[in-house]
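Student: So that we are looking at the same thing, I have put the structure below in structure tokens.
Number of protein chains: 2
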Amino acid sequence: MKRAVVLLSGGLDSATVLAIARSEGFQTYALSFDYGQRHRRELDSARKVAASPSAEKHMVIKFDLSEIGGSALTSDIDVPKDAVTPSTASAALSASSALGASGASATAGAVIPVTYVPARNTIFLSFALAWAETLEAEDIFIGANAVDYSGYPDCRPEYLRAFETTANLATKAAVEGRMKFTVRAPLINLTKGGIIRLGLSLGVDYAQTWSCYDPRPDGRPCMRCDSCAFRAKGFLEAGIEDPIL
Amino acid sequence: MKRAVVLLSGGLDSATVLAIARSEGFQTYALSFDYGQRHRRELDSARKVAASPSAEKHMVIKFDLSEIGGSALTSDIDVPKDAVTPSTASAALSASSALGASGASATAGAVIPVTYVPARNTIFLSFALAWAETLEAEDIFIGANAVDYSGYPDCRPEYLRAFETTANLATKAAVEGRMKFTVRAPLINLTKGGIIRLGLSLGVDYAQTWSCYDPRPDGRPCMRCDSCAFRAKGFLEAGIEDPIL
Numbered sequence: 000m001k002r003a004v005v006l007l008s009g010g011l012d013s014a015t016v017l018a019i020a021r022s023e024g025f026q027t028y029a030l031s032f033d034y035g036q037r038h039r040r041e042l043d044s045a046r047k048v049a050a051s052p053s054a055e056k057h058m059v060i061k062f063d064l065s066e067i068g069g070s071a072l073t074s075d076i077d078v079p080k081d082a083v084t085p086s087t088a089s090a091a092l093s094a095s096s097a098l099g100a101s102g103a104s105a106t107a108g109a110v111i112p113v114t115y116v117p118a119r120n121t122i123f124l125s126f127a128l129a130w131a132e133t134l135e136a137e138d139i140f141i142g143a144n145a146v147d148y149s150g151y152p153d154c155r156p157e158y159l160r161a162f163e164t165t166a167n168l169a170t171k172a173a174v175e176g177r178m179k180f181t182v183r184a185p186l187i188n189l190t191k192g193g194i195i196r197l198g199l200s201l202g203v204d205y206a207q208t209w210s211c212y213d214p215r216p217d218g219r220p221c222m223r224c225d226s227c228a229f230r231a232k233g234f235l236e237a238g239i240e241d242p243i244l
Numbered sequence: 000m001k002r003a004v005v006l007l008s009g010g011l012d013s014a015t016v017l018a019i020a021r022s023e024g025f026q027t028y029a030l031s032f033d034y035g036q037r038h039r040r041e042l043d044s045a046r047k048v049a050a051s052p053s054a055e056k057h058m059v060i061k062f063d064l065s066e067i068g069g070s071a072l073t074s075d076i077d078v079p080k081d082a083v084t085p086s087t088a089s090a091a092l093s094a095s096s097a098l099g100a101s102g103a104s105a106t107a108g109a110v111i112p113v114t115y116v117p118a119r120n121t122i123f124l125s126f127a128l129a130w131a132e133t134l135e136a137e138d139i140f141i142g143a144n145a146v147d148y149s150g151y152p153d154c155r156p157e158y159l160r161a162f163e164t165t166a167n168l169a170t171k172a173a174v175e176g177r178m179k180f181t182v183r184a185p186l187i188n189l190t191k192g193g194i195i196r197l198g199l200s201l202g203v204d205y206a207q208t209w210s211c212y213d214p215r216p217d218g219r220p221c222m223r224c225d226s227c228a229f230r231a232k233g234f235l236e237a238g239i240e241d242p243i244l
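Chains A and P supply the protein sequences, listed in that same order.
Residues in the first sequence are numbered from 0 upward in steps of one, following numbering that gives the first Met the number 0.
Residues in the second sequence are numbered from 0 upward in steps of one, following numbering that gives the first Met the number 0.
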């Protein structure tokens, strides 16, 4: 049975990607990170998502990005509220429609919010690559999306292709010709609504997932951060209620 | 004053690179990793090297690669002994002479030893990139060497160039046009002897450094692992005694 490493934040995108990898017949190795994120609560969701139905293994790697800082998610910078509205969401959508064969950057000219975490996906993919090499898993799945997203540069197709090239130069198994790594981002061109519809068709239980960057003191999602806004847009488009609300 | 992030293992290569960065007028930010390495003793050396003369800051990021394993340095695989001899060292040298404009791989056809740690430099460079972005440091220094080395794929120029490309697609500061990251590997084409001679000219105190992968119970270097062998070759070529012996 082919193996795949799946980056699993506990959000709805990565939960969907895990289901996609399973549906393609992969034995899945889910990888999460406890990196000092403000919304550590997402790790509880990651554990639930990885447990049911069960991934072959779920690893949580711990390190602390708060000393590096530079992000509202890892330092005391405030998480922006009410920044993503229907109009900015559709601006992101039209910017991202320039993506494709040209490899044009969806973020050019756009404002990347302070919730960006420096080099986060590069760090995450690097650990995924290490694990993939030891597991002899050629496929690394990531829930990157370049449509309904915050414009993070490390979610774009051109970035993912560059990482893949690096991965195949970096590793013993690739250089020896035994493996060729592929970074798979099956959600890259889907809307949030499309992601949810796909996930439902694969049996994803979105009640297990968590998206909010800045949970309220009572533990409920703030409903005002970008991540809440994109999630709400997705459930609206999919025509169903968000089961965590 | 320009800032640079310098990857600092505590070995002789990275100590030399730190001195090079200083000599070029950079304010240096040294970065080390406590990753579950068998030779954690190198971190004591990293602290000494970073302290005298003092780097602006020395950060040690902790995570555990032993659960990922796949290496003699992070799992219970034995560290190979007596594998690097004068003849294999010169084979590495002639293989690496194929490097250059062609970007040919020095490791093609060579045996990469089990001390290879999956994706290690990609993980290290990813954290360096994150810190560099928050520091507004465009230069990331690494002591990679593709002459007197163990054939690790993530020490080769073509790998470093690919990572640099990835870095400039991954980051907010690069995508917004405010920064352009450069991965600097000033030792890449030097012999071990050449590295030591350069370091001595810059005042490096090699008594502070540590290279052995598998220290003896009495705390002294084993003198039989690849890293000890390359170090010994270097001091022999430089015509001086190794101060740690």
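Cβ coordinates follow ideal geometry from the N, Cα and C atoms, glycine included.
1) In chain A, which residues lie less than 7 Å from I67/P when you measure between Cβ atoms?
2) With distances taken from CA atoms, which of L134/A, V113/A, R39/A, H57/A is nearest K1/A?
3) Give the residues of chain P in contact with T121/A, contact being defined as C-beta atoms less than 7 Å apart.
4) Let me know the secondary structure DSSP gives S31/P once reduced to three states.
5) What would DSSP say about L7/P, mapped onto helix, strand or coil?
6) I'd like to check one pair, D213/P with R37/P: are the Cβ atoms closer than 9 Å?
7) Give the range of the alpha helix (DSSP H) segment to which D225/A is assigned.
8) Counting only beta-carbon separations shorter than 9 Å, does Y212/P have a partner in chain A?
9) Can you list the residues of chain A that E157/P reaches, using a CB-CB cut of under 8 Å?
10) In angstroms with no decimal places, state the Cα-to-Cα distance between L159/P and A143/P.
11) So, is the C-beta of L64/A closer than 9 Å to a C-beta in chain P?
12) How long is the line joining the alpha carbons of L235/P and I243/P, rounded to whole angstroms?
13) Taking Cβ positions only, does K179/P come closer than 9 Å to chain A?
14) Verify the CB distance criterion: does P79/A have a CB-CB separation below 9 Å to chain P?
15) Grouping DSSP H, G and I as helix and E and B as strand, with all else coil, what is A103/P?
16) For A71/P and V110/P, which I take to be in contact (beta-carbon distance under 8 Å), what is that distance rounded to the nearest angstrom?
17) Helix, strand or coil: which one does DSSP assign to I207/A?
18) What is the rounded straight-line gap between the Cα of L6/A and the Cα of R119/A?
19) Is the beta carbon of D153/P closer than 9 Å to that of T121/P?
20) Kindly provide the ranges of any alpha helix (DSSP H) runs that are 4 or more residues long and lie completely inside the stretch 25–84 of chain P, ordered along the chain.
21) Using C-beta distances below 7 Å, list every residue in its chain close to C227/A, excluding the 5 sequence neighbours before and after it, in chain order.
22) For chain A, is any of its Cβ atoms less than 9 Å away from the one on F140/P?
23) Can you pull the DSSP bridge partners for D138/P?
24) Step through the CB atoms of chain P and report whether any lies within less than 9 Å of the CB of E175/A.
25) Distance check for S51/P and V182/A, CA to CA, integer angstroms please.
26) Shortest alpha-carbon distance to A206/P belongs to which of D43/P, A29/P, F162/P, P79/P?
27) How far does the alpha helix (DSSP H) with L159/P in it extend, from its first residue to its last?
28) Please classify A145/P: does DSSP put it in a helix, a strand, or coil?
29) Taking DSSP as the reference, what is the three-state secondary structure of T259/P?
30) Using the rule of at least 16 other Cβ atoms within 10 Å of the residue's Cβ for burial, across every protein chain shown, is L168/A buried or exposed?
31) Give me the subset of the stretch 142–154 of chain A whose CB atoms are less than 7 Å from a CB atom of chain P, sorted by chain position.
32) Measuring only between beta-carbons, confirm whether Y115/A sits less than 9 Å from chain P.
33) Tell me whether the beta-carbon of A3/P lies closer than 9 Å to the beta-carbon of Q26/P.
34) List, in order along the chain, the chain P residues whose C-beta lies closer than 9 Å to that of A82/A?
35) Would a check of beta-carbon distances place I111/A closer than 9 Å to chain P?
36) Output the boundary residues of the alpha helix (DSSP H) element that contains L199/P.
Tutor: Considering the structure as presented:
1) A129, W130, T133
2) Out of L134/A, V113/A, R39/A, H57/A, L134/A has the C-alpha closest to the C-alpha of K1/A.
3) S125, L128, T165, A169
4) strand
5) coil
6) yes
7) 225–237
8) False, the Cβ-Cβ gap to chain A never drops below 9 Å.
9) L168
10) 9 Å
11) Using a Cβ-Cβ cut-off of 9 Å, L64/A counts as an interface residue toward chain P, since at least one Cβ of chain P sits closer than that to its own.
12) Straight through space, the alpha carbons of I243/P and L235/P are spaced by roughly 14 Å.
13) Taking Cβ atoms only, chain A never reaches closer than 9 Å to K179/P, which makes this a no.
14) With a threshold of 9 Å between beta carbons, P79/A makes no contact with chain P.
15) Caution applies to A103/P, whose pLDDT of 39 falls short of 50 and renders its modelled position unreliable; the model cannot decide the point.
16) At roughly 14 Å, the Cβ-Cβ gap does not stay under 8 Å, so A71/P and V110/P are not in contact.
17) According to the sequence displayed, residue 207/A carries Gln and not Ile. Three-state DSSP puts Q207/A in a helix.
18) 12 Å
19) A contact, by the Cβ cut-off of 9 Å.
20) As far as the stretch 25–84 of chain P is concerned, its whole alpha helix (DSSP H) runs of at least 4 residues are 40–50.
21) S210, C211, P220, C221
22) no
23) According to DSSP, D138/P bridges with A3/P, T181/P.
24) yes
25) Cα to Cα, V182/A sits roughly 42 Å from S51/P.
26) D43/P
27) From DSSP, the alpha helix (DSSP H) with L159/P extends over 156–169.
28) coil
29) Because residue 259/P is not part of the residues shown, which for chain P are 0 to 244, the question remains open.
30) buried
31) Hits within the stretch, in order: P152, D153.
32) yes
33) Taking 9 Å as the Cβ cut-off, A3/P and Q26/P qualify as a contacting pair.
34) Chain P residues near A82/A: none, gap ~15 Å exceeds 9 Å.
35) yes
36) 191–200
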